[in-house]
Amino acid sequence: MAVCSFMVLIMLGAPAAAAAPPAVAGDSIQVATTTPPAAGTAEKGSAVEAPHSAPAPSPPPSAPPDSIVAGTAVKDSAGAAPAGGGAQAKDAPQVEHTDAEAAPPGKTPEAAIIPAAAGSLPESAAKPPKANTNGPGVKARPKGGTHPVAVQGLKSAPKTPAVARSTPSRLPPTNGAAPSVVLPHDGPSESDRVSAELERTDRFVGRAQRSFLISKNARAMKLFTSAIDFQSDSRDAYKVRQYARAERLTLAARDFADRASRMVGPPREDPDYVEHIMRRTDDALERTKDVLRNGAGRDAWHRHDELRSEQKEAWKTFKGGEIGLAYKQTLDVREGVLALLRQLQDLPVPRETAEKAIGGAQAALEQANKELGPKPNVEAVRLVRLASEYLAKARQSFQRGSYRSALLQAKVVERHAEHAVDVGRPRSS
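Residues -19 to -1, 1 to 410 in mature numbering (1 follows the signal peptide of the UniProt record, and there is no 0) are what the sequence shown spells out, letter by letter.
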């Protein structure tokens, strides 16, 4: 009879327990499943729980969460398990079943007590986060026997500022433009070269200005005014770094000033022309020295030294601004050189000395033709023709091996050419 009553209770309580939800908001339920107990245990539980239950004709379709039937089912599940495996609740998780079996008797498993809302959360959210023992905020305690230098080495390892300081930090200012590359060069720069040409034209125009004002030659003054205008334009082009244009303009200004200077005064007042004459005198002294090296006496060397001193005085006069006086002094030195060469008839003349003398005579004749222009006067034409004849004789003497005659004839060519320029330049009207 008792066995039949127990079976009826199982049949009535199992659906109610299965219909109960796994979690109700605001309540905590204890869920524990155990293995089916032995027969003796089941009879004991039935004897204890039998007075609290009453047979019902049919199970209700559903029961509230806090009804007596649900509570009885929970207590029965804690004390005894149903005989069959179908009586186990389908919603009970397998993890909780395992924890209930592993828990010791008399102690509620930790996994059995869960909040009511935890059933709707994922498994990863229900578990508490693990403590991070390797985070940046956790400092590792040095073990015994270790040296603290290892920790300092880890902190000071990445030193990027040292790499940044190794790069060059000072660069030349470019003002938004690419730096220009400065290349080494042997000669002067274009700017310096053009600047020197400008200064040379300024000196030439400045020295010739007084002669133009005194002569009152209309043609010369017109050319001189054009020279000043060209020089002014050249200065403006130089300021804006148009060096090629500046050079062309200053050369044109010098050419106009030179043409104007030929129209006034004798050539002895022309600084450029006088400078050419003085350089020819220096060359004549050097050629005479070559002859003296072949066995000249003391008197000849003494005379040569006197001529060199006179030439130095002529250069001082020229640099002092007395162009006419310097011209006269250097011509006197030239005459003294010719007289000394005639005295050295017994000394041989080197071939190189005669050859250089003929080259200087040719340059003097070309300079005379340039200074005289296309229409020289009659006297200038006569002197130029005479100089050309002596130049031809000097070349013939050189071909015959008569180097002394070639040297003397070459110096005569220079003297006639200079005289032609002196008489052939137009005078002021």
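We put the beta carbon where it would ideally sit given N, CA and C, even for glycine.
State yes or no: is the C-beta of Val314 within less than 8 Å of the C-beta of Thr262? Taking the first residue of the sequence shown as position 1, residue 314 is located at position 333. Taking the first residue of the sequence shown as position 1, residue 262 is located at position 281. Annotated as proximal: Val314 and Thr262, with beta-carbon spacing under 8 Å.
Buried versus exposed, by CB contacts within 10 Å (16 or more), Leu312: One-based indexing of the sequence shown puts residue 312 at position 331. It is buried - the Cβ of Leu312 has at least 16 other Cβ atoms within 10 Å.
Best match in Arg188, Ser383, Ala387 and Ala368 for proximity to Ala349 [C-alpha to C-alpha]: Locating residue 349 in the sequence shown gives position 368, counting from the first residue. Comparing Cα positions, the closest option is Ala368.
Helix, strand or coil: which one does DSSP assign to Lys356? As a working mapping, residue 356 is identified with position 375 in the sequence shown. In this structure, DSSP gives Lys356 a state outside helix and strand, which the three-state scheme calls coil.
Could you tell me whether the Cβ atoms of Thr269 and Leu232 are closer together than 8 Å? Reading the sequence shown from its first residue, position 288 is the one you call residue 269. Reading the sequence shown from its first residue, position 251 is the one you call residue 232. When the beta-carbon positions are compared, Thr269 and Leu232 stay at least 8 Å from each other.
Contacts around Ala241, its chain only, beta-carbon distance under 6 Å, and the 5 residues preceding and following it disregarded: On the sequence shown, position 260 is the one that residue 241 refers to. Taken in chain order, the residues that qualify are Ala201, Leu204 and Phe205.
For the segment 349 to 368 and the segment 392 to 403, state whether three or more C-beta atom pairs, one from each stretch, are separated by less than 8 Å. Two segments are said to touch when three or more pairs of C-beta atoms, one from each, lie closer than 8 Å; by this definition the segment 349 to 368 touches the segment 392 to 403.
Going by DSSP in three states, Arg222 sits in which element: helix, strand or coil? As a first step, residue 222 is located in the sequence shown; it is residue number 241 there, counting from the start. It is coil, neither helix nor strand.
Leaving out five residues before and five after Tyr371 in sequence, what residues of the same chain have Cβ atoms less than 7 Å from its Cβ? On the sequence shown, residue 371 is found 390 positions in, with the first residue counted as 1. Scanning its chain for C-beta atoms nearer than 7 Å, with the 5 sequence neighbours on each side dropped, one finds around Tyr371 the residues Gln390, Val393, Val394 and His397, in chain order.
With three or more beta-carbon pairs closer than 8 Å as the criterion, would you say the segment 331 to 338 touches the segment 287 to 303? Taking 8 Å as the limit for Cβ pairs, the verdict is that the segment 287 to 303 does not touch the segment 331 to 338.
At the level of alpha carbons, what is the spacing between residue 429 and Leu325? Summary: the structure shown does not reach residue 429, with the chain confined to residues -19 through 410, and so no result is reported for it.
DSSP three-state call for Leu346: helix, strand or coil? On the sequence shown, position 365 is the one that residue 346 refers to. Here Leu346 sits in helix by DSSP.
Mind checking whether Arg289 and Leu266 have CB atoms under 8 Å apart? Within the sequence shown, the letter at position 308 stands for residue 289. Within the sequence shown, the letter at position 285 stands for residue 266. Result yes, Cβ atoms of Arg289 and Leu266 sit closer than 8 Å.
Can you say whether Val330 is buried or exposed, counting buried as having 16 or more other CB atoms within 10 angstroms of its CB? What you label residue 330 is simply residue 349 of the sequence shown in a count that begins at 1. Its Cβ being crowded by 16 or more others within 10 Å, Val330 is buried.
Cα-Cα separation, Lys212 to Val245: Counting from 1 along the sequence shown, the entry for residue 212 is found at position 231. Counting from 1 along the sequence shown, the entry for residue 245 is found at position 264. According to the sequence provided, residue 212 is Gln. The question's Lys does not apply to it. Rounded to the nearest angstrom, the two C-alpha atoms are 21 Å apart.
Beta-carbon gap between Pro247 and Phe185 smaller than 8 Å: Within the sequence shown, residue 247 is the residue found at index 266, counting from 1. Within the sequence shown, residue 185 is the residue found at index 204, counting from 1. Taking 8 Å as the Cβ cut-off, Pro247 and Phe185 do not qualify as a contacting pair.
Can you say whether Ile49 is buried or exposed, counting buried as having 16 or more other CB atoms within 10 angstroms of its CB? Against the sequence shown, residue 49 aligns to sequence position 68. Caution is warranted here: a pLDDT of 43 is assigned to Ile49, below 50, making its placement in the model unreliable, and the coordinate value is therefore given only provisionally. By the 16-neighbour rule on beta-carbons within 10 angstroms, Ile49 is exposed.
Within 10 Å of its beta-carbon, does Leu179 have 16 or more other beta-carbons around it, so buried, or fewer, so exposed? Here residue 179 corresponds to residue number 198 of the sequence shown, with the count starting at 1. Around the Cβ of Leu179, a 10 Å sphere holds 16 or more other Cβ atoms; the residue is buried.
Pairwise C-alpha distance: Asp210 and Gln377: In the sequence shown, counting from the first residue as 1, residue 377 sits at position 396. In the sequence shown, counting from the first residue as 1, residue 210 sits at position 229. So the two alpha carbons sit approximately 49 Å from each other.
Would the beta-carbon of Val272 fall within 8 Å of that of Leu319? By one-based count along the sequence shown, residue 272 stands at place 291. By one-based count along the sequence shown, residue 319 stands at place 338. In this structure, the beta-carbon distance from Val272 to Leu319 does not fall below 8 Å.
For a test of the three-state rule: what should DSSP assign to Pro329, helix, strand or coil? Translated into the one-based positions of the sequence shown, residue 329 becomes position 348. Coil, per DSSP.
Nearest candidate by alpha-carbon position, reference Ala227, set Ser172, Gly317, His285 and Glu316: Translated into positions along the sequence shown, residue 227 becomes position 246. Closest option to Ala227, Cα to Cα, is Ser172.
Taking the beta carbon of Leu388 as the centre, do at least 16 other beta carbons fall within 10 Å, making it buried, or is it exposed? Along the sequence shown, one-based indexing puts residue 388 at 407. When all chains shown are included, Leu388 counts as buried.
Return the CA-CA distance between Gly276 and Trp282, expressed in angstroms with no decimal places. For the purposes of this step, residue 276 is identified with residue 295 of the sequence shown, where counting begins at 1. For the purposes of this step, residue 282 is identified with residue 301 of the sequence shown, where counting begins at 1. Between the alpha carbons of Gly276 and Trp282 lies a distance of about 10 Å.
What separation, rounded to the nearest whole angstrom, lies between the Cα atoms of His285 and Glu316? As a first step, residue 285 must be located in the sequence shown, where it is residue number 304. As a first step, residue 316 must be located in the sequence shown, where it is residue number 335. Straight across, the Cα-Cα distance linking His285 with Glu316 is about 12 Å.
Taking only the alpha-carbon atoms, compute the straight-line gap between His257 and Ser192 and give it to the nearest angstrom. As a working mapping, residue 257 is identified with position 276 in the sequence shown. As a working mapping, residue 192 is identified with position 211 in the sequence shown. So the two alpha carbons sit approximately 20 Å from each other.
Using DSSP with H/G/I as helix, E/B as strand and the rest coil, what is Ser170? Position 189 of the sequence shown, counted from the start, is the residue given in the question as residue 170. Here Ser170 sits in coil by DSSP.
Helix, strand or coil for Gly276 per DSSP? Taking the first residue of the sequence shown as position 1, residue 276 is located at position 295. Gly276: coil per DSSP, three-state reduction.
Does the Cβ of Pro357 have 16 or more other Cβ atoms within 10 Å, making it buried, or fewer, making it exposed? Position 376 of the sequence shown, counted from the first residue, corresponds to residue 357. Of the other Cβ atoms in all chains shown, 16 or more fall within 10 Å of the Cβ of Pro357; this residue is therefore buried.
Which same chain residues end up closer than 7 Å to Val255 when comparing Cβ atoms and leaving out the 5 residues on each side of it in sequence? In the sequence shown, residue 255 corresponds to position 274, counting from 1. So the qualifying residues of the chain are Arg249, Phe299, Ile304, Ala307 and Tyr308.
Own chain partners of Ser137 with C-beta closer than 7 Å, once the 5 adjacent residues on each side are dropped: In the sequence shown, counting from the first residue as 1, residue 137 sits at position 156. Its pLDDT being 47, under 50, Ser137 is placed unreliably by the model, and the measurement read from it follows with that caveat. Hits under 7 Å: none found.
Enumerate in chain order the residues of its own chain whose CB-to-CB distance from Ala199 is below 6 Å, with the five nearest sequence positions on each side excluded. Stepping through the sequence shown from its first residue, residue 199 is reached at position 218. Taken in chain order, the list of residues that qualify is empty.
Cutting at 7 Å between CB atoms, please list the residues of its own chain near Ile339, excluding the five before and the five after it. As a working note, residue 339 is residue 358 in the sequence shown. Once the five neighbours on either side are set aside, the close Cβ partners of Ile339 are Ala375, Arg376, Phe379, Ala387 and Ala391.
Under a Cβ-count criterion, where at least 16 other Cβ atoms within 10 Å of its own Cβ denotes burial, should Ser170 be classed as buried or exposed? In the sequence shown, the residue the question calls residue 170 occupies position 189. Answer is exposed; the Cβ neighbour count stays below 16.
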